[in-house]
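Trainee: The sequence shown begins at 1 in UniProt numbering and counts up one residue at a time.
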Amino acid sequence: MFEINWSDEAKNVYYETLEYWSFRNKSDLYSEKIIEEVENMELLIAKNPSIGIKINFKGSRKVKVLKYFSLIYLINANNVEILSFWDNRRDPENLDIK
């Protein structure tokens, strides 16, 4: 099983997204749903890193989390690095991961 590591940028976007939805909805329910789905997807990726579709960005892969979000990740020798927590409503041309 592969270890999952998050880039600082991906973590920041993820936490900002959770905070946004908690504030917007005046409830943590949707944020908790996002957390649950991300954790489930992390387990699937750890067991089978090739589960995501290949995308044309630095050899990375993408898996959908709920309707509006995706995890963009890179498979390394012993681990998987989450590069981005992506809002699928954004223009993919703006994907710029450092």
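Even glycine gets a Cβ: it sits at the ideal position worked out from N, Cα and C. Source: prediction; values computed, not measured.
State the beta-bridge partners of Val38 as determined by DSSP.
Mentor: For the purposes of this step, residue 38 is taken as the residue at position 38 of the sequence shown. In the DSSP output, where bridge partners are listed per residue, Val38 has none listed.
Trainee: Got a sec, what are the start and stop residues for the beta strand (DSSP E) Arg24 sits in?
Mentor: Here residue 24 is taken as the residue at index 24 of the sequence shown, counted from 1. Looking at the DSSP string, Arg24 is not in any beta strand (DSSP E); the run it does join, the alpha helix (DSSP H), is 8–25.
Trainee: Sort Ile53, Met1, Lys67 by Cα distance to Arg90 and report the nearest one.
Mentor: Position 90 of the sequence shown, counted from the first residue, corresponds to residue 90. Minimum Cα distance to Arg90 is reached at Lys67.
Trainee: Just to confirm the assignment: which complete beta strand (DSSP E) runs, minimum length 3, are found wholly within the segment 54–86?
Mentor: For the segment 54–86, whole beta strand (DSSP E) runs of length 3 or above, ordered along the chain, are 61–65, 69–75.
Trainee: Going by alpha carbons, who is nearest to Leu44 out of Lys33, Lys64, Ser27?
Mentor: Walking along the sequence shown from the start, residue 44 turns up at place 44. The residue with the shortest Cα to Cα distance from Leu44 is Lys64.
Trainee: Given 8 Å as the limit, is there contact between the segment 13–25 and the segment 45–65, that is, 3 or more CB pairs closer than that?
Mentor: Contact fails: fewer than three Cβ-Cβ distances are below 8 Å.
Trainee: Would you kindly work out how many angstroms separate the C-alpha atoms of Arg61 and Ser27, rounded to a whole number?
Mentor: Position 61 of the sequence shown holds residue 61. Position 27 of the sequence shown holds residue 27. Taking the straight line from one Cα to the other gives about 32 Å.
Trainee: Is the beta carbon of Ile4 sitting closer than 8 Å to the one on Ile82?
Mentor: Indexing the sequence shown from 1 puts residue 4 at position 4. Indexing the sequence shown from 1 puts residue 82 at position 82. Closer than 8 Å, so yes.
Trainee: Closest to Gly59 by CA distance: which of Ile51, Ser70, Ile75 is it?
Mentor: Numbered from 1 along the sequence shown, position 59 holds the residue referred to as residue 59. Gly59 has its Cα closest to that of Ile75, out of Ile51, Ser70, Ile75.
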